[in-house]
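K.L.:
Residue numbers (the UniProt record's numbering): 1 to 89.
All C-beta atoms in this analysis are idealised placements derived from N, C-alpha and C, irrespective of residue type, glycine included.
Note that the structure is predicted; figures quoted are calculated from it, not measured.
#1: Which of helix, strand or coil does DSSP assign to residue 30?
#2: If I'm right that residue 37 touches residue 68 with Cβ under 8 Å, what's the distance once you round it to whole angstroms?
#3: Nearest to residue 59 by CA position, among 15, 11, 35 and 8, is which residue?
#4: Starting from residue 25, follow the beta strand (DSSP E) in both directions and report where the run begins and ends.
#5: From the DSSP output, read off the bridge partner residues of residue 62.
#6: Within its chain, find whatever has a CB closer than 8 Å to the CB of residue 43; leave out the 5 residues flanking it on each side and keep chain order.
#7: Measure the Cβ-Cβ separation of residue 4 and residue 48 and say whether it is below 8 Å.
#8: Taking the alpha-carbon of residue 7 as reference, which of 28, 27 and 33 has the nearest alpha-carbon?
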């Protein structure tokens with residue numbers, strides 16, 4: 001299951017004060033931050049609108065955080081796809 005949240009107690013170090021996107025594995029009872037910056041910390045802008053594929057292998061979401069990928073300097077929200085292989089963006 002995937003969701004967006006402002007909560008700061010879902011994963012360690014999530015103290016950015018913005019909405020983040022997560023995926024929760026109900027079988028393993030683990031929650032993973034998807035909207036993380038290139039340095040591994042939570043992104044520095046709001047991330048929202050997550051949707052997970054039917055086979056649970058991909059999550060698409062929007063984000064205004066410019067630090068999720070290198071070179072994002074257009075100052076506009078972007079659409080990201082995260083794949084299950086270590087949940088890379």
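P.N.:
Here's the rundown:
#1: The residue given as residue 30 occupies position 30 in the chain shown. The answer is strand: DSSP assigns residue 30 an E or B state.
#2: The sequence position of residue 37 within the chain shown is 37, counting from 1. The sequence position of residue 68 within the chain shown is 68, counting from 1. 6 Å between Cβ atoms; contact.
#3: On the chain shown, residue 59 is found 59 positions in, with the first residue counted as 1. Of the candidates 15, 11, 35 and 8, the one whose C-alpha sits nearest the C-alpha of residue 59 is 35.
#4: The residue you call residue 25 lines up with position 25 of the chain shown. Annotation for residue 25: the continuous beta strand (DSSP E) segment containing it runs 20 to 25.
#5: The residue given as residue 62 occupies position 62 in the chain shown. Answer by DSSP bridge pairing, in chain order: 48 and 79.
#6: The sequence position of residue 43 within the chain shown is 43, counting from 1. Contacts found: 16, 18, 20, 35, 36, 37, 63, 65, 67 and 68.
#7: The residue you call residue 4 lines up with position 4 of the chain shown. The residue you call residue 48 lines up with position 48 of the chain shown. Contact: yes.
#8: On the chain shown, residue 7 is found 7 positions in, with the first residue counted as 1. Nearest of 28, 27 and 33 to residue 7, Cα basis: 33.
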